[in-house]
Amino acid sequence: MKRVLSNLKYYKKETVLGPLFKLFEALLELLVPLIVSYIIDKGIKADTPNKKMIIAMSILLIVVALIGFVFSIVAQFFNAKAAVGLSSKLRKNVYSKIQGLSYLQLDEIGTSSLITIMTNDVNQVQVGVNLTLRLFLRSPIVVFGALIMAFLIDVNLALIFLGVILLLLLVVLGIMFICIPLYKKVQNRLDEVTLSTRENLVGARVIRAFAKEKSEIEEFKNKNRDLVSSQKIVGFVSSLMNPLTYVIVNFGIILLIYFGAIKVDGGVLSQGNIVALYNYLSIILVELIKLANLVITINKSIACGHRIDNVLSLNPNLKYTEEKVDDSSFIEYRNVSLQYNIGSDEKALENINFKVEKGQIIGIIGGTGSGKTSIINLLPHFYDATEGKVILDGKNVNSYNDEELRMRFGIVPQKAVLFRGTIRSNLLWGNANASENDLIEALEVSQAMDFVSKKEGGIDGCVEQNGANFSGGQKQRLSIARALTRKPEILILDDSTSALDYLTDFKLRSAIRKLSYKPTVFIVSQRTSSIQDADLIIVLDEGKIVGKGTHEELLNSCVEYQEIYYSQVRKEEKHDEK
Amino acid sequence: MKNKKLSFFLFKYWYLISLSLLLAILIVFLQLAIPFWIGESIDLIVGKNDVEFERISLNLIRISISIVLCALAQFVMTNINNSLTFNISRDIRNEAMIKIEHLPLKYIDTHPFGAILSNVIGDVEQLSDGLLLGFSQLFSGVITILGTIGFMFVISWKIAIVVIVLSPLSLFVAKFIATKTHSMFLLQSKTRGEQTSFIEEMVNNQKVVQAFSHEDENEITFDEINERLYACSLKANFYSSTTNPSTRFINAIIYAIVCLIGAFNVIGGTISVGNMSTLLNYANQYTKPFNDISSVITELQNALACSSRIFELINQEEESDDSKGKVIDNPQGEFDIQNVYFSYNEEKPLIQDFSLKIKKGTVVALVGPTGCGKTTLINLLMRFYDVNDGSISLDGYNIQSLKRESLRSSIGMVLQETWLKKGTIRENIILGKGDATDEEIIKACKEAHSYHFIMQMKDGLNTMINEDGGNLSQGQKQLLCITRIMLCKPEILILDEATSSIDTRTEIRIQKAFNKLMENRTSFIVAHRLSTIQNADVILVMKDGNIIEKGNHNELLALNGFYKQLYFSQFEKN
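These protein sequences, in sequence, are chains A and B.
Here the first sequence is numbered in our numbering, starting from 13 and rising by one per residue.
Here the second sequence is numbered in our numbering, starting from 108 and rising by one per residue.
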């Protein structure tokens, strides 16, 4: 929570002045019963009714209200500024924090919860802070103030106030204490209902194919019933709040009148005093009800604040060293192992060793989950190797500045992602200073020119969110083009041609080979056809290298490679294709 | 199918609704009477040695009873209202879910899930909260206003009239501020939307952003939007927050005026001090419902908008009634497709005059470029969509004359897009055969080659999987979907890119199991990798909704056409 609220330091003035003006306003409000009591005792009940004084006092009431109005407008302004300012700073800080998170941290938190934190949670904190500044400080002050006023009027009767306030606090806090965990349960059950609805929409085909409609409806009804039963429990407990507070305050009033009557009879108090005390009790009731309703909102905000705090407390967890290695190839993996979860024994990569010379083409192949992507993610230092070294150009990759390091790469991730904008704006991600010719070259090499030129607007044609107006294969080619505009020293294609037909894939690979700047290329693929002309093929199985060499070498020596190859191209077809 | 309306759901609870309204009247009456009696009691406390204890005691007893009664009534009413709200949302949601299960797939395919979801969850919540609570608030608000006016008239008609004339002022002020700030709120929500979609797009793809070292550029864009949001949020927030002080100020003026006139009336002898105190109390209470009403009305409008969205869903047309349909006991799997025409969209004809006879046990493979109609054909065979013209028959019965359940449960389908529900692996596997024994399940797992990875998981078959199998790889999800089919062994098989995410070594092993399963079973296979379909009895080469070539592998190669072109493109070498 500290990291969240510390952002209020930019709004010190507002955070202090807002509640302060609220306090002034509350104090003015406490004057009203006193004035009324004065009118009754000194104006009406005086031996000769003092009409001038009554008029003056009524005007005073309006003046007090007017000053209170000005104070509260000022307070609202400062409060709004502090709350809105805080949320704005929070969003900025969280976004900035996300930029520095490592892949590992992104995996752990999950992007969807980051999005919820940045939008929903920050807004909730804004609401919470605003309400706290406006009311949370005001209400206790008013209650406390009313109590003090009561003591000023009559100490004995004020004890009734004390009792009423303590009882009310007990009731309000008790009910809240019971309700908060129950609310969480309701929320969880609502999530279940939501999930069930989503599943039934997404899986409509499967559910119908298995004729499961009836049992799904039953299951939904059960979840819905659970939701309603927990809602009713919370509803029941919280429905005690209003009647109980009402009873407590009104019995307080009865006691007040009864004992007040005795005191007036004894000549210790006046009728006006009784009216004033009665009004103070009414004020307390109103404030406490406001307060109770607030607590639920504020509780939510605190939960959201904790989530934000968790993100802000993250420190980038990549390790950096200054390590030079003299006798290395251009790229070299030495005894590299990788473990995503330090707790478990499961290794994503184990004892990886290989060398790559500048300008070579490297193929990486293996089954699902064999560690292909893990290997290449180590090179731009997206993850730290758990053991061993990944060396680039004579230095451990963790001795480079990340940005400097990554600028040398052109990376085409497995999932082809385009951003809203134009084709051009997407390509410029690779290199903001790319010339028109660079862009065209990149599009041609990536085999995207034909469909780009057919697109309305050509290279300035629009790209919808998530590249929704392009097919899978087109998105893959555009994301390859984006990597190429950088003219990278090292190009990484992570299974990024899976949606291309064999012919286009082949043309793409030939064009990459002919690039004038001779990048070192890593091709990750499930297809042997995509990598069979590579200078070095690495065959992975369950995180270990089980074969290294050229296509011909591996066909002779590596059982796993043979299996993969023949599963895709059967023996008899080799005759057909001659 | 009759159109259902909100009143249908409300009517069921008419007795609760009437009871709630009666209690509201009682509560308002007591809440107004109590200050009145307290005022009376105060009048009995005049001064030294001038207190009528007996009458005060009687009065206080009366007040005590009323307080308890009022609190009880409040408690009961709140619970009735809760019950109403929760039960009605439950009823509407159940109805919506039943509808979802019976909607034509066309509706589900063409409406974004998010929209339907927010209908069933968010809109229902808004409706029940807004409509019912809004209505009960509005109702007790109006009763309070009327009741207060009544009591005030009883005490002093002059003051009552003053209050009635003045109090709408605060309504006007609230309305005035709301209109003035409306455009600020619009700007705020527009800017917030802009920021949200930026966040969604960029944070979702944060890894790509980092891979391209695009963090700084993004921060600049983000900060720019954030600054704008700050500015317009501040305005909207501040200006709208002036409503409360303004209305309270007006209330305070009314209070002062009541005090002034009241005091003069006391002097004039028309009312007592206690009366005046009661009037002041009313003046405080009376303006509150006025302030509430304006916000309640917006809430009601909002709830009605939600209601119309929900009932649009609930009153959607369902799939045609098939309760009188035939049930095939022992399906053979002979299909006869005659002159079928179909399109999703009238302007774009897709399948035209398509005919095909399929004998029992035939393996039919469908190949062709994306969008050529392969999946559409499956949609028609499963009757997810109905043909526009022509007919499809199974074992001599037009499939439109069959019960959908009978047709569908004789066909086993594995799709490229896997679907798993939250639950255990076992629950997901036995979807097609609820009474399967452990031996049968394990056998199916072994056949589908999912046994190995299932056993590696913490609780084996009883391992919980997340929403949509989040903790499994795409390949593992496909293996589980295949296991389902291996378990229930339906008479007819449809495999639509069923092994696309499985690595080729495992795929070969599964293929063997499939080949065994397909013996004597009519099967339809869609695949990108042509190697998986070479052994099919009939290969249909589709393009633009039409079959352009038809035959087995060797015949098609000999034809030297589109199939051959497709086939050899996968072996292109440099």
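Using N, Cα and C, we set each Cβ at its ideal position, and we do this for glycine too.
Using only CA atoms, which one of the options lies nearest to residue i?
i, options, result
"residue 335 (chain B)", "B:299, B:305, B:351, B:347", "B:299"
"residue 491 (chain B)", "A:24, A:87, A:222, A:187", "A:222"
"residue 221 (chain B)", "A:206, A:329, A:382, A:548", "A:206"
"residue 70 (chain A)", "B:367, B:610, B:503", "B:367"
"residue 466 (chain A)", "A:435, A:43, A:56", "A:435"
"residue 348 (chain A)", "A:378, A:326, A:386", "A:386"
"residue 353 (chain A)", "A:117, A:469, A:302, A:148", "A:117"
"residue 147 (chain B)", "B:647, B:162, B:645, B:470", "B:162"
"residue 633 (chain B)", "B:481, B:288, B:133", "B:481"
"residue 203 (chain A)", "A:168, A:169, A:239", "A:239"
"residue 339 (chain B)", "B:292, B:369, B:504", "B:292"
"residue 433 (chain A)", "A:426, A:264, A:130, A:479", "A:479"
"residue 303 (chain A)", "A:179, A:171, A:216, A:155", "A:155"
"residue 629 (chain B)", "B:613, B:599, B:605", "B:599"
"residue 305 (chain B)", "A:559, A:498, A:431, A:504", "A:431"
"residue 273 (chain B)", "B:380, B:226, B:363, B:181", "B:363"
"residue 96 (chain A)", "B:620, B:343, B:506", "B:343"
For residue i, which residues of its own chain have a beta-carbon under 8 Å away from its beta-carbon, when the five flanking residues on both sides are left out?
i, result
"residue 338 (chain A)", "406"
"residue 413 (chain A)", "none"
"residue 350 (chain B)", "280, 281, 284, 285"
"residue 264 (chain A)", "172, 173, 175, 176, 293"
"residue 581 (chain B)", "525, 608"
Give me, in chain order, the residues of the same chain whose beta-carbon lies closer than 7 Å to that of residue i; leave out the 5 immediate sequence neighbours on both sides.
i, result
"residue 583 (chain A)", "Unreliable positioning characterises residue 583 (chain A) in this predicted model, as indicated by a pLDDT of 42, which lies under 50. The coordinate reading is nonetheless provided below. There are no such residues."
"residue 136 (chain A)", "312, 313, 316"
"residue 588 (chain A)", "Because the pLDDT of residue 588 (chain A) is 42, which lies under 50, any placement of that residue in the model is unreliable, and the question is left without a value."
"residue 416 (chain B)", "226, 230"
Grab me the residues of residue i's own chain with a C-beta within less than 6 Å of its C-beta, minus the 5 sequence neighbours each way, in chain order.
i, result
"residue 353 (chain B)", "280"
"residue 179 (chain B)", "none"
"residue 286 (chain A)", "272"
"residue 65 (chain A)", "55"
"residue 108 (chain B)", "Since pLDDT at residue 108 (chain B) reaches only 44, below the 50 mark, its modelled position is unreliable, and no value is offered."
"residue 589 (chain B)", "521, 555"
My understanding is that residue i touches residue j, with C-beta atoms under 8 Å, so please give their C-beta distance in whole angstroms.
i, j, result
"residue 608 (chain B)", "residue 380 (chain A)", "7 Å"
"residue 500 (chain B)", "residue 443 (chain B)", "4 Å"
"residue 333 (chain B)", "residue 302 (chain B)", "7 Å"
"residue 451 (chain B)", "residue 459 (chain B)", "Contact doesn't hold; Cβ gap of about 13 Å is too wide."
"residue 573 (chain B)", "residue 529 (chain B)", "6 Å"
"residue 23 (chain A)", "residue 93 (chain A)", "6 Å"
"residue 143 (chain A)", "residue 310 (chain A)", "6 Å"
"residue 505 (chain A)", "residue 424 (chain A)", "5 Å"
Is any heavy atom of the ligand HEM found at a distance shorter than 7 Å from the C-beta of residue i?
i, result
"residue 212 (chain A)", "Looking for the ligand HEM in the displayed structure turns up nothing, as the structure carries no ligands at all."
Inset, instruction - Taking a Cβ distance cut-off of 7 Å, strictly less, list which residues of the segment 107-134 of chain A are near chain B, in chain order. - result: Residues 107, 108, 110, 111, 115, 118, 123, 126, 127, 130, 131.
Inset, instruction - Select from the segment 176-209 of chain A all residues with a C-beta closer than 9 Å to any C-beta belonging to chain B, and list them in chain order. - result: Within the segment 176-209 of chain A, the residues whose Cβ lies closer than 9 Å to some Cβ of chain B are 202, 204, 205, 206, 207, 208, 209, listed in chain order.
Inset, instruction - Pull out every residue of the segment 488-500 of chain A whose Cβ sits closer than 7 Å to any Cβ of chain B, in chain order. - result: Answer in chain order: no residues at all.
Legend entry - Any alpha helix (DSSP H) of 4 or more consecutive residues that is wholly inside the segment 534-581 of chain A: DSSP runs (the alpha helix (DSSP H)) wholly in the segment 534-581 of chain A: 540-543, 563-569, 571-580.
Inset, instruction - Could I get the ranges of all uninterrupted beta strand (DSSP E) runs contained in the segment 479-562 of chain B, with 3 residues as the minimum, in chain order? - result: List check, beta strand (DSSP E) in window: 496-501, 518-521.
Legend entry - Residues within the segment 363-383 of chain A neighbouring chain B, beta-carbon criterion of under 9 Å: Against chain B - using a Cβ distance shorter than 9 Å - the residues of the segment 363-383 of chain A are 378, 379, 380, 381, 382.
Legend entry - Proximal residues, the segment 361-394 of chain B versus chain A, C-beta separation under 8 Å: Within the segment 361-394 of chain B, the residues whose Cβ lies closer than 8 Å to some Cβ of chain A are 362, 363, 364, 366, 367, 370, 371, 373, 374, 380, 383, 384, 387, 388, 391, listed in chain order.
Inset, instruction - Taking a Cβ distance cut-off of 9 Å, strictly less, list which residues of the segment 200-211 of chain B are near chain A, in chain order. - result: Within the segment 200-211 of chain B, the residues whose Cβ lies closer than 9 Å to some Cβ of chain A are 200, 201, 203, 204, 205, 207, 208, 209, 210, listed in chain order.
Legend entry - chain A contacts from the segment 336-347 of chain B (Cβ-Cβ distance under 8 Å): When CB distances to chain A are screened at a threshold of 8 Å, the residues of the segment 336-347 of chain B falling below it are 336, 337, 340, 341, 344, 345, in chain order.
Legend entry - Contact set between the segment 600-619 of chain B and chain A, restricted to residues whose Cβ is under 8 Å from the partner: Those residues of the segment 600-619 of chain B placed with their C-beta closer than 8 Å to a C-beta in chain A are 608, 609, 610, 611, 612, 613, 614, 615, ordered along the chain.
Legend entry - Uninterrupted alpha helix (DSSP H) stretches inside the segment 238-312 of chain B (no shorter than 4 residues): Scanning the segment 238-312 of chain B from its first residue to its last, the whole alpha helix (DSSP H) runs of 4-plus residues come out as 241-262, 264-273, 275-311.
Legend entry - Where the segment 409-429 of chain A meets chain B: residues whose CB sits under 7 Å from a CB there: Listed by position along the chain: 415, 418, 419, 423, 425, 429.
Inset, instruction - With a floor of 4 residues, list each alpha helix (DSSP H) that falls wholly inside the segment 123-181 of chain A, ordered by position along the chain. - result: The segment 123-181 of chain A contains these whole alpha helix (DSSP H) runs: 123-128, 134-143, 150-165.
Inset, instruction - Within the segment 589-629 of chain B, note down every full alpha helix (DSSP H) run reaching 4 residues or more, in order along the chain. - result: Segments of the alpha helix (DSSP H) lying fully in the segment 589-629 of chain B: 611-625.
Legend entry - Residue ranges of each alpha helix (DSSP H) within the segment 119-182 of chain B, 4 or longer: Qualifying alpha helix (DSSP H) stretches, in chain order: 121-150.
Inset, instruction - Output, in sequence order along the chain, the residues in the segment 633-645 of chain B whose CB is closer than 7 Å to any CB in chain A. - result: Against chain A - using a Cβ distance shorter than 7 Å - the residues of the segment 633-645 of chain B are 638.
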